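Have a look at the structure below, then the notes.
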Amino acid sequence: MKRIAVPVALITTVLSGCGEPSEESKAAMQEIRMQRMAREFVSSGLKDPENAQFRNQRGMCGEVNSKNSFGAFTGFQGFIAGSKELVVLQRDSRLKPEEFSQLWSKFCSG
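Okay, so the sequence shown: first residue is 0 according to numbering that gives the first Met the number 0, each after it adds one.
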């Protein structure tokens, strides 16, 4: 393997051109991380996570369309993902529709 000598000054010049990311790009990257994490949390509780479809996602909230035990898509429903153990789906039978709406208003609106 042949080694190439690269002057430190050249490396410093190239890297200094990169600079610090702007606040806007930091916020965009944070949003992408949150969305990815939410999709992982939601997917972990689905029967067929590889085929889950996500849309209208903002942070830890959005909509998911997933397959049921028969392999059919059930239609999009809202979700709120707090952690892997705390994912709330809109059609969760343990939750009244108005309770989901209250949670959505509190954590997902605005």
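Ideal Cβ placement from N, Cα and C applies to all residues, glycine included. Fair warning: this is a prediction, and the values are worked out from it, not measured in the lab.
Cα-Cα separation between residue i and residue j, rounded to whole angstroms
i	j	result
T73	E19	44 Å
A80	S108	14 Å
E22	Q29	10 Å
P96	R54	20 Å
Of the listed residues the options, nearest to residue i (C-alpha basis)
i	options	result
V41	S82, R93, F99	S82
S104	E30, E39, C60	C60
G77	G70, F106, A26, S24	F106
Own chain partners of residue i with C-beta closer than 6 Å, once the 5 adjacent residues on each side are dropped
i	result
Q34	Q56
C-beta contact flag for residue i and residue j at 8 Å
i	j	result
V86	G58	no
Residue i CB to nearest heavy atom of the ligand ADP below 7 Å
i	result
E22	For the ligand ADP, the structure offers nothing, since it holds no ligand at all.
Residue i - partner residues in DSSP beta bridges
i	result
N67	According to DSSP, which records beta bridges pairwise, N67 is partnered with nothing at all.
E39	In DSSP, E39 forms no bridge with anything.
C107	Beta-bridge pairing links C107 to no other residue.
Min CB distance residue i to chain C below 8 Å
i	result
F106	In the structure shown, chain C does not exist; there is a single protein chain.
Same chain only: Cβ atoms within 7 Å of residue i, ignoring 5 sequence neighbours per side
i	result
L102	I79, V87
S100	none
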